[in-house]
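The next block holds one structure in the form of structure tokens; read it before the comments.
Protein chains: 2
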Amino acid sequence: MTVSMESEQKSTAQLPPTDSKERVSELMTSLQDQICKGLEQVDGVETFQEDTWIRPEGGGGRSRVLQSGGIFEQAGVNFSEVWGNHLPPAILSQRPEASGHGFYATGTSMVLHPRSPYIPTVHLNYRYFEAGPVWWFGGGADLTPYYPFAEDAIHFHRTFQQACDAHHPHYYPTFKRWCDEYFHLKHRGETRGVGGIFFDYQDSEGILYPLVYPGTHQSTAAAKYSESVGRVKDRTWENLFAFVQTCGNTFLPAYLPIVDRRRHHDYGDRERQFQLYRRGRYVEFNLVYDRGTIFGLQTNGRTESILMSLPPLVRWEYNYHPEPGSPEAELYETFLKPQDWVNWSSGV
Amino acid sequence: MTVSMESEQKSTAQLPPTDSKERVSELMTSLQDQICKGLEQVDGVETFQEDTWIRPEGGGGRSRVLQSGGIFEQAGVNFSEVWGNHLPPAILSQRPEASGHGFYATGTSMVLHPRSPYIPTVHLNYRYFEAGPVWWFGGGADLTPYYPFAEDAIHFHRTFQQACDAHHPHYYPTFKRWCDEYFHLKHRGETRGVGGIFFDYQDSEGILYPLVYPGTHQSTAAAKYSESVGRVKDRTWENLFAFVQTCGNTFLPAYLPIVDRRRHHDYGDRERQFQLYRRGRYVEFNLVYDRGTIFGLQTNGRTESILMSLPPLVRWEYNYHPEPGSPEAELYETFLKPQDWVNWSSGV
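Here it is as structure tokens:
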């Protein structure tokens with residue numbers, strides 16, 4: 001495909017409906033409400049405390065945090081809706097058509113840090129941008145176990161696979177690979193966890209993996225898969241909106257059964273110490289690599305809402321290596337590498 | 349000053365002595381030895397464990413860590429010496445003359461995390477680069493108290509001021525301001541601590557603050573001071589080497605008296621929890637802003653040595669604010685802002 005063909009196609013991009021911002025904003029607040037309600041029910045001890053805030057440059061948000069709960073040591077669920085005169089350079093380099101235009105962005109993001117080392121940490125984010133002639137959806141959810149169970153990784157992935165397949169057969173295979181690629185700690189040679197789905201810049205142009213991220217190149221697995229399936233026809237604003245809505249609704253059924261299966265596992269100091277150590281990787285990823293976090297910190301976002309993703313207690317230990325054959329070693333050997341979880345058949 | 353004049357001056361840069369690398373490397377290992385010996389004496393319980401490592405692309409290092417000591421919860425002191433075909437783009441943009449040349453770099457760096465919240469965390473780094481026609485020294489030391497004492501900040505600064513003044517009257521005023529500027533957490537609106545000195549790109553060109561850092565501009569206090577004093581004449585490789593040697597030797601007398609004054613202060617859970625919380629800022633600075641850390645992580649440095657700077661235990665707490673009038677509030681109000689510590693006269 002040549003550049004000139006791409007440019008030609010781009011001019012045919014659908015316009016969003018006139019009430020697009022209101023509809024997505026309403027979806028994002030509903031998602032925050034639904035998730036908070038589901039998490040409070042499973043936690044059973046604590047409830048979310050809410051702070052609303054206003055962004056002086058335009059917009060604001062609603063941050064909710066649950067601390068010292070029955071299940072969750074900390075759970076943060078944010079909604080925000082912001083607008084301004086121009087997108088930051090990192091985004092404009094991927095969407096040059098947005099240059100010289102104001103922008104609107106809204107999204108919901110969440111990170112849960114359970115107390116038990118047997119319950120995985122989990123992250124979710126869905127977002128929507130409009131800027132001049134362009135608009136796009138992004139998002140995903142990924143799971144980070146400490147003492148992992150293949151059964152949990154399989155459940156999480158299959159649930160999102162079904163959700164994706166209901167909208168397009170190429171979504172899950174592309175966005176699963178993209179997730180493995182994005183949540184990768186290069187300096188550790190590890191994925192953040194067992195992944196899930198991740199996507200960005202989804203619009204009616206029909207290219208599933210439409211960009212070259214800094215530090216990646218078109219030979220990534222996600223890019224290759226996207227190339228192999230070619231342009232996906234007939235995607236509209238409406239069906240992408242519906243897809244994101246489905247993904248959002250899929251979080252609780254993907255995660256809560258895992259909590260239920262693991263909440264009564266006993267653990268001791270060894271497991272707790274390993275969990276605190278592994279939480280350090282979450283900090284490393286979010287502060288070194290995560291574009292949302294870095295963008296927020298460098299552009300006067302609300303620091304306390306952005307850093308709500310960081311764990312309440314974390315440990316670093318120089319030159320730690322798990323004992324060969326231990327449960328901790330199993331995490332490294334099997335679960336911190338990209339795996340085909342939906343087709344997993346080992347006895348792990 | 350015009351660009352063409354600067355270019356003209358640059359051509360007069362001194363060549364380093366033929367044995368420059370050996371002499372700086374020996375200085376850096378001696379500094380590591382001296383510091384480790386002094387810290388073991390004051391710790392009294394634990395000793396440093398050493399790992400030597402080889403960098404496949406050229407060079408290697410000697411990492412030393414003391415864990416769970418009498419004074420130090422963790423102390424990391426690294427020496428490294430590396431070489432390769434080209435410097436990374438971020439450095440080349442500041443030193444374009446190095447383009448197309450191989451490079452040599454050596455340095456010693458240290459971060460100490462004491463157990464007591466009354467003993468400040470402290471960082472030191474001295475480094476030397478050669479690349480084609482250019483060479484330079486960089487480094488500094490800065491102090492990060494939790495429950496602060498003006499007396500300690502004054503002692504630390506006056507000790508480095510005396511060391512600097514023995515070499516040049518403009519060094520301390522420039523490098524103190526540069527330190528406040530560099531160790532600044534923009535997203536928190538705080539300095540990392542009470543500062544100290546920081547300098548980079550020091551060569552025989554005679555410009556004390558010779559560059560524009562990303563995110564800063566020539567109106568910074570350090571840049572203004574440097575401009576006001578103009579070019580510093582007659583700096584040679586030899587007297588910069590001697591200056592760095594003096595700075596290195598100044599660390600123990602700047603820090604150990606503070607340890608001695610604070611080591612017997614009793615503290616409880618409140619102070620410990622606040623220390624763990626404030627350690628989070630150290631993590632945020634090192635992973636979000638510190639160019640050495642980010643450069644190391646993104647270029648296949650030895651991860652365990654680079655991240656030895658991170659604290660052994662850290663806490664984050666959503667939307668924490670110190671109680672007005674409390675000792676914790678005093679830290680924020682007085683000690684996390686640039687202050688003229690050498691002339692400090694308040695009763696704090």
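Residue numbers (my numbering), protein chains in the order written: chain A, 1 to 348; chain B, 349 to 696. Heads up, the beta-carbon is just placed ideally off N, CA and C, and yes, glycines get one too.
Smallest Cα separation from residue i: which of the options?
i, options, result
"T108 of chain A", "A:V77, A:P117, A:A98", "A:V77"
"Y666 of chain B", "A:P117, A:S68, A:K224, A:P16", "A:S68"
"G644 of chain B", "B:G544, B:K369, B:D688, B:A438", "B:A438"
"P481 of chain B", "B:F451, B:V577, B:E586", "B:F451"
"Q593 of chain B", "B:P365, B:Y557, B:S574, B:Q380", "B:Q380"
"E73 of chain A", "A:E181, A:T18, A:R192, A:S309", "A:S309"
"R410 of chain B", "B:F683, B:K685, B:P675, B:I654", "B:I654"
"Y668 of chain B", "A:G301, A:V65, A:P253", "A:V65"
"E681 of chain B", "B:A571, B:F497, B:V390", "B:F497"
"P364 of chain B", "B:A569, B:T598, B:R609, B:R583", "B:R583"
"F243 of chain A", "A:P338, A:N286, A:H168", "A:H168"
"Y255 of chain A", "A:E26, A:T303, A:Q49, A:V42", "A:V42"
"W53 of chain A", "A:S80, A:A222, A:G325, A:G70", "A:S80"
"P462 of chain B", "B:Q510, B:H613, B:E676, B:R506", "B:H613"
"I625 of chain B", "B:W689, B:P660, B:T377", "Note on identity: in this sequence residue 625 of chain B is Tyr, with Ile being the wrong assignment. Among B:W689, B:P660, B:T377, the Cα nearest to that of Y625 of chain B is on B:P660."
"E652 of chain B", "B:Q362, B:E398, B:E374, B:Y573", "B:E398"
"P686 of chain B", "B:I502, B:H434, B:G418, B:K385", "B:I502"
"Y193 of chain A", "A:I258, A:W237, A:Y282, A:T220", "Just to set this straight, residue 193 of chain A is Gly in the shown sequence, not Tyr. It is A:Y282."
"S693 of chain B", "B:G418, B:V430, B:E499", "B:E499"
Is the beta carbon of residue i within less than 6 Å of some heavy atom of the ligand NAD?
i, result
"A254 of chain A", "With respect to small molecules bound, the structure shown includes none, and the ligand NAD cannot be examined in it."
Does DSSP classify residue i as helix, strand or coil?
i, result
"W237 of chain A", "helix"
"Y255 of chain A", "helix"
"W689 of chain B", "helix"
"V288 of chain A", "helix"
"L143 of chain A", "strand"
"E323 of chain A", "coil"
"W178 of chain A", "helix"
"H170 of chain A", "coil"
"S20 of chain A", "helix"
"D551 of chain B", "coil"
"T539 of chain B", "strand"
"R95 of chain A", "coil"
"H532 of chain B", "strand"
"N597 of chain B", "helix"
"V390 of chain B", "helix"
"T360 of chain B", "Any answer about T360 of chain B is weak, because its pLDDT of 47 lies below 50 and its placement is not dependable; what the coordinates show is given next. Correct three-state label for T360 of chain B: coil."
"F243 of chain A", "helix"
Excluding the 5 residues flanking residue i on each side, which residues of the same chain have their C-beta closer than 7 Å to its C-beta?
i, result
"P117 of chain A", "Y146, Y147, Y267, E271, R272, F274, Q275"
"G432 of chain B", "E405, G406, G450, F451"
"A514 of chain B", "T594"
"F547 of chain B", "G486, G487, G488, F523, W526"
"Q202 of chain A", "W136, F137, G138, L240"
"A570 of chain B", "T522, R525, W526, E529, Y557"
Which residues in chain B sit within 8 Å of residue i, going by Cβ to Cβ distance?
i, result
"D51 of chain A", "N667"
"E333 of chain A", "Here the premise fails: no neighbours, minimum Cβ distance about 19 Å."
Applying a beta-carbon distance threshold of less than 7 Å, which residues of chain A neighbour residue i?
i, result
"M458 of chain B", "Simply none; closest approach about 14 Å."
"R475 of chain B", "Neighbours of R475 of chain B on chain A: none; closest Cβ ~20 Å, over 7 Å."
"L645 of chain B", "H187, V288"
"H632 of chain B", "Reading off the sequence shown, one finds Glu at residue 632 of chain B, where the question assumed His. Per Cβ cutoff of 7 Å: L287."
Residues in the same chain with beta-carbon distance under 6 Å from residue i, minus the five sequence neighbours each way, listed in chain order, please.
i, result
"G596 of chain B", "L379, Y474"
"C512 of chain B", "Y519, Y520"
"V24 of chain A", "T106, Y128"
"L331 of chain A", "P148"
"G195 of chain A", "D142, C179, D180"
"L472 of chain B", "M458, A489, F599"
"P120 of chain A", "L143, T144, P145"
Show which residues of chain A have a CB atom less than 8 Å away from the CB atom of residue i.
i, result
"R663 of chain B", "P312, L313, V314"
"E619 of chain B", "By Cβ distance, chain A contributes nothing, its closest Cβ being about 17 Å from E619 of chain B, past 8 Å."
"G424 of chain B", "Y318"
If I measure Cβ to Cβ from residue i and keep anything under 8 Å in the same chain, skipping five residues before and after, which residues do I get?
i, result
"H535 of chain B", "E632, V636"
Can you name the residues of chain A whose CB is closer than 9 Å to the CB of residue i?
i, result
"I642 of chain B", "V288"
Taking Cβ-Cβ distances shorter than 7 Å, what residues in chain B pair up with residue i?
i, result
"V65 of chain A", "Y666"
"E304 of chain A", "Y666, N667"
"L27 of chain A", "The contacting residues do not exist; L27 of chain A stays about 25 Å from chain B at best."
"L307 of chain A", "W664"
Give, in chain order, every unbroken run of the beta strand (DSSP E) that is at least 3 residues long and sits entirely within the segment 394–420 of chain B. 397–402, 407–415
Which residue spans inside the segment 111–144 of chain A form an unbroken beta strand (DSSP E) run of at least 3? 121–131, 134–144
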